[in-house]
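S.K.: When we follow the numbering used here, the leftmost residue of the sequence shown carries the number 2, and every step to the right adds one.
Structure incoming, see below.
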Amino acid sequence: MDTRVPPIKEFPKDDRFWRVDWFGAVQRNPSIPSESSIQLVISSFREDPSQLPIKELATNRQVDHKTGQCVISIGIGQLPGIELGSVWKNGVRQDIHAGIQNTQTLNISPNTVTVIPANFRKQGKPLIPITHYRYGSVGVSSQLLAVELDGDPHGFLIPMMELLRFYYAVSTKLSHVIFSGDFTHNLGAIINEERTDYLTEEKRYLLGLRQHLDDEDSWTIARILHSEHAWHGCTEVHNQLMKQSINNDLIHIKTHFPFEGCTDLRSRGKFIPTDEDGKWRFLALSLEHCSASFPFEKLTIIRDNDNSKAPAETDIPDIDKKPAFPQQKTHDEYSDKELQSNQEPDKEQSIVTIPLPMDRFGALEGKMPDKPTKEQCNYRNAGKFKPPGSDSIALGTGLGHHVDNGIQGASLTAHRTRRQGLSASQAIFKQTIQELDCRSRINARIRDPGRYLEFVPLTKPKASWQWSYLNSPKKIRRTVVAGDIEFQNNWYTLIEFELRNGEKRGVGMIRANDGRLIK
């Protein structure tokens with residue numbers, strides 16, 4: 002994931018690097034009635050993790066559990082921006098992720114998937130030994146999904162909250178919808194049921210999506226509505242909240258896979274030893290990509306009439322239109338504003354939309370939802386919100402109330418990255434780095450593209466023809482792939498640029514004089 006997540010206030014501000022080890026319980030937040038909070042178990046690294054071999058980043062010995070493990074709480078609307086294994090410093094997410102990348106072919110069915118607690122014991126011994134991974138005292142009662150792998154019923158382990166984050170809570174808005182129980186108790190707040198249907202012959206889902214939800218949310222919403230498995234996995238979250246909230250303020254949620262059948266599931270995590278010689282289990286800290294199919298092939302979004310534009314030749318004059326809410330504003334820079342979980346946002350301020358790049362569902366590659374056009378628009382922008390960011394001092398993901406406190410609403414949104422157009426040589430480059438990582442004395446990884454490493458930076462104004470463009474007339478940017486290699490305590494970074502026809506030497510290598518990783 003890109004590091005454009007805003008700084009999070011609740012992380013320690015002590016110049017140390019902190020690793021997110023585990024998700025704890027969900028609980029009410031008396032300071033923000035509209036948004037529950039979730040506990041995060043975090044541990045401090047003993048040294049700069051960017052200087053450590055990749056295989057060491059998720060180990061116990063590299064963090065201080067005695068004095069450096071603690072618990073913080075953040076709003077559930079921030080869940081889409083948090084992964085187990087992510088690394089933070091002074092509240093800012095770093096371009097480092099603990100855990101090795103692993104892809105497994107899994108068969109998901111009632112016979113292969115079981116729910117177990119994190120402290121599950123097998124033959125009297127903990128399934129996750131404290132010598133190999135520590136989830137903290139608040140994680141003891143958290144739940145895992147165990148998937149059978151190579152004959153071991155507990156061969157692949159996934160923390161329940163991570164499953165929810167990956168498959169369901171892909172945005173702040175969906176996180177709120179799921180935890181509020183709207184799918185079962187207020188479906189009309191999500192969709193217009195009269196405009197929602199499934200066309201069997203076309204394998205097309207028609208979704209009457211309400212205006213406050215984002216286009217990218219529509220894939221997950223349609224999957225929940227059209228799949229019995231996804232519906233169960235989504236609504237089980239609120240069912241658990243309702244059952245446990247009567248007697249217990251700390252609630253550990255349960256959910257399920259949104260499908261049955263085989264999938265190639267890519268994740269980051271670590272191997273856990275078993276009692277059998279040579280056999281290991283895999284603890285998935287964060288899920289990255291799933292190849293499972295969706296229960297439909299095409300998606301059409303049918304919006305309520307809003308203030309979006311219609312063709313000028315068929316539209317009616319603005320003076321004849323009714324006032325409607327203004328469009329949300331999207332911003333790209335958040336360095337001076339933190340996400341905080343102590344105050345409700347001011348409803349009078351516009352909401353900051355924060356796009357989080359993702360590429361998690363293989364079935365959606367190359368697909369975009371259809372949106373019917375309209376001949377005329379009956380609404381105009383009312384413009385009632387304050388200018389974006391005016392007088393704001395911090396951000397919050399709560400639903401907000403009317404109070405002038407300087408807290409601006411923020412919404413993390415799913416933004417699908419589409420890097421399938423990489424050249425054949427760049428695909429080979431990635432395979433080469435992955436192959437190097439399998440060598441015993443070498444650590445190698447593909448660097449996450451992020452905001453600054455997806456394209457070659459422009460060296461001139463955007464309108465100018467320049468080498469940074471693959472095609473200057475069409476303003477097509479050159480893509481970049483970078484790989485970091487650690488060998489004999491020295492870091493090397495390989496970079497490959499996308500080439501125009503006839504160009505050569507698209508690969509370069511850089512190394513710092515002291516052998517440190519170049520960020």
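Backbone N, C-alpha and C define an ideal beta-carbon position, used for all residues, glycine too.
Remember, it's a predicted structure, so these values are computed and weren't measured experimentally.
Residue 183 lies in the alpha helix (DSSP H); which residues open and close that run?
M.R.: The count along the sequence shown starts at 1 and reaches residue 183 at position 182. Unbroken alpha helix (DSSP H) run through residue 183: 183-186.
S.K.: Pick out the complete beta strand (DSSP E) segments inside the stretch 85-126, 3 residues or longer, and give them in chain order.
M.R.: Fully enclosed beta strand (DSSP E) runs of 3 or longer: 87-90, 93-98, 101-109 and 114-118.
S.K.: Under three-state DSSP, which class holds residue 439?
M.R.: The count along the sequence shown starts at 1 and reaches residue 439 at position 438. Coil at residue 439, not helix or strand.
S.K.: Does the beta-carbon of residue 439 have 16 or more other beta-carbons within 10 angstroms, so that it is buried, or is it exposed?
M.R.: The residue labelled residue 439 in the question sits at position 438 within the sequence shown. Exposed, by the Cβ-count rule.
S.K.: Find out if the Cβ-Cβ distance for the pair residue 74, residue 38 is shorter than 7 Å.
M.R.: For this step, residue 74 is matched to residue 73 along the sequence shown. For this step, residue 38 is matched to residue 37 along the sequence shown. Contact flag set, yes.
S.K.: Using the DSSP secondary-structure output, state which residues sit across from residue 531 in a beta bridge.
M.R.: In the structure as shown, the chain starts at 2 and stops at 520, and residue 531 therefore has no counterpart that could be examined.
S.K.: Where does residue 473 sit, in a helix, a strand or coil, going by DSSP?
M.R.: Here residue 473 is taken as the residue at index 472 of the sequence shown, counted from 1. Correct three-state label for residue 473: coil.
S.K.: Quick one: Cα of residue 43 to Cα of residue 214, how far?
M.R.: Position 42 of the sequence shown holds residue 43. Position 213 of the sequence shown holds residue 214. Those two C-alpha atoms are separated by around 32 Å.
S.K.: Within the continuous beta strand (DSSP E) that includes residue 486, where are the two ends?
M.R.: As a first step, residue 486 must be located in the sequence shown, where it is residue number 485. Start and end: 481-488.
S.K.: Tell whether a beta-carbon distance below 7 Å holds between residue 76 and residue 398.
M.R.: One-based indexing of the sequence shown puts residue 76 at position 75. One-based indexing of the sequence shown puts residue 398 at position 397. Closer than 7 Å, so yes.
S.K.: Run the CB neighbour count on residue 403, radius 10 Å, all protein chains shown included, and call it buried at 16 or more, exposed below.
M.R.: Sequence index remark: in the sequence shown, residue 403 carries index 402 (1-based). Exposed, because fewer than 16 other Cβ atoms sit within 10 Å of the Cβ of residue 403.
S.K.: For residue 328 and residue 346, what's the separation of their Cα atoms in angstroms?
M.R.: Taking the sequence shown and counting its residues from 1, one reaches residue 328 at position 327. Taking the sequence shown and counting its residues from 1, one reaches residue 346 at position 345. With a pLDDT of only 48 at residue 328, under the threshold of 50, the placement of this residue in the model should not be trusted, and no figure is reported.
S.K.: Indicate the three-state DSSP secondary structure (helix, strand or coil) for residue 510 in the structure shown.
M.R.: Counted from its first residue, the sequence shown places residue 510 at position 509. Reduced to three states, the DSSP call for residue 510 is strand.
S.K.: Three-state secondary structure (DSSP) at residue 196?
M.R.: Indexing the sequence shown from 1 puts residue 196 at position 195. Note: residue 196 maps to helix in three-state DSSP.
S.K.: Tell me whether residue 13 sits in a helix, a strand or coil according to DSSP, three-state version.
M.R.: For the purposes of this step, residue 13 is identified with residue 12 of the sequence shown, where counting begins at 1. Reduced to three states, the DSSP call for residue 13 is coil.
S.K.: Helix, strand or coil for residue 250 per DSSP?
M.R.: Along the sequence shown, one-based indexing puts residue 250 at 249. Three-state result, residue 250: coil.
S.K.: Looking at the structure shown, is residue 68 part of a helix, part of a strand, or coil, going by DSSP?
M.R.: The residue you call residue 68 lines up with position 67 of the sequence shown. Three-state result, residue 68: helix.
S.K.: Leaving out five residues on either side along the sequence, give the residues of the same chain with a beta carbon under 7 Å from the beta carbon of residue 230.
M.R.: For the purposes of this step, residue 230 is identified with residue 229 of the sequence shown, where counting begins at 1. Here the set comprises 257, 258, 259, 260 and 261.
S.K.: What is the DSSP secondary structure of residue 48, reduced to helix, strand or coil?
M.R.: As a first step, residue 48 is located in the sequence shown; it is residue number 47 there, counting from the start. If DSSP states are grouped into helix, strand and coil, residue 48 belongs with coil.
S.K.: Only counting the same chain, and skipping five residues up and downstream in sequence, which positions put a Cβ closer than 7 Å to that of residue 175?
M.R.: To locate residue 175, count along the sequence shown from 1; it is residue 174. Here the set comprises 169, 218 and 221.
S.K.: For residue 434 versus residue 484, is the C-beta distance shorter than 7 Å?
M.R.: Against the sequence shown, residue 434 aligns to sequence position 433. Against the sequence shown, residue 484 aligns to sequence position 483. Cβ distance < 7 Å, so residue 434 and residue 484 count as in contact.
S.K.: Considering only the beta carbon of each residue, do residue 284 and residue 270 sit closer than 7 Å?
M.R.: Looking up residue 284 in the sequence shown gives position 283. Looking up residue 270 in the sequence shown gives position 269. Yes; because the gap between Cβ atoms is below 7 Å, this pair is in contact.
S.K.: Going by beta carbon distance, what residues of the same chain come within less than 8 Å of residue 511, once the five residues before and after it are set aside?
M.R.: In the sequence shown, the residue the question calls residue 511 occupies position 510. Cβ within range, chain order: 493, 494, 496 and 519.
S.K.: Exposed or buried, what is residue 62 when buried is set at 16 or more other beta-carbons lying within 10 Å of its beta-carbon?
M.R.: On the sequence shown, residue 62 is found 61 positions in, with the first residue counted as 1. The residue in question, residue 62, is exposed, as its Cβ has fewer than 16 Cβ neighbours within 10 Å.
S.K.: Does the structure place the stretch 48-62 close enough to the stretch 93-105 that three or more beta carbon pairs sit under 8 Å?
M.R.: The stretch 93-105, when compared against the stretch 48-62, does touch it at the 8 Å Cβ threshold.
S.K.: Check residue 521 in the structure and name its three-state DSSP category.
M.R.: Since the first residue shown for the chain is 2 and the last is 520, residue 521 is missing from the structure and cannot be characterised.
S.K.: Where do the ends of the beta strand (DSSP E) carrying residue 301 lie?
M.R.: Translated into positions along the sequence shown, residue 301 becomes position 300. Unbroken beta strand (DSSP E) run through residue 301: 299-302.
S.K.: Could you check whether residue 139 and residue 209 sit closer than 7 Å to each other, using their CB atoms as the reference points?
M.R.: Translated into positions along the sequence shown, residue 209 becomes position 208. Translated into positions along the sequence shown, residue 139 becomes position 138. For residue 209 and residue 139, no; Cβs fall outside 7 Å.
S.K.: To the nearest angstrom, how far is it from the Cα of residue 348 to the Cα of residue 80?
M.R.: Within the sequence shown, the letter at position 347 stands for residue 348. Within the sequence shown, the letter at position 79 stands for residue 80. Taking the straight line joining both Cα atoms gives about 21 Å.
S.K.: Identify whether residue 431 lies in helix, strand or coil by the three-state DSSP scheme.
M.R.: Looking up residue 431 in the sequence shown gives position 430. Three-state DSSP puts residue 431 in a helix.
S.K.: Alpha carbon to alpha carbon, how far is residue 45 from residue 65? Give it in angstroms, no decimals.
M.R.: Position 64 of the sequence shown, counting from 1, holds the residue named residue 65. Position 44 of the sequence shown, counting from 1, holds the residue named residue 45. Each residue's alpha carbon lies about 6 Å from the other.
S.K.: For residue 114 versus residue 18, is the C-beta spacing smaller than 7 Å?
M.R.: Here residue 114 refers to the residue found at position 113 of the sequence shown. Here residue 18 refers to the residue found at position 17 of the sequence shown. No, the Cβ-Cβ distance between residue 114 and residue 18 is not below 7 Å.
S.K.: Return the CA-CA distance between residue 294 and residue 204, expressed in angstroms with no decimal places.
M.R.: Looking up residue 294 in the sequence shown gives position 293. Looking up residue 204 in the sequence shown gives position 203. Computed Cα separation, rounded: 13 Å.
S.K.: Going straight from the alpha carbon of residue 471 to that of residue 344, what length do you get?
M.R.: Within the sequence shown, residue 471 is the residue found at index 470, counting from 1. Within the sequence shown, residue 344 is the residue found at index 343, counting from 1. Rounded to the nearest angstrom, the two C-alpha atoms are 47 Å apart.
S.K.: One question on the structure: do residue 396 and residue 338 come within less than 7 Å of each other, judged by their Cβ atoms?
M.R.: Within the sequence shown, residue 396 is the residue found at index 395, counting from 1. Within the sequence shown, residue 338 is the residue found at index 337, counting from 1. Yes, Cβ-Cβ distance for residue 396 and residue 338 is below 7 Å.
S.K.: What three-state label does DSSP hand residue 264 in the structure shown?
M.R.: In the sequence shown, counting from the first residue as 1, residue 264 sits at position 263. Reduced to three states, the DSSP call for residue 264 is strand.
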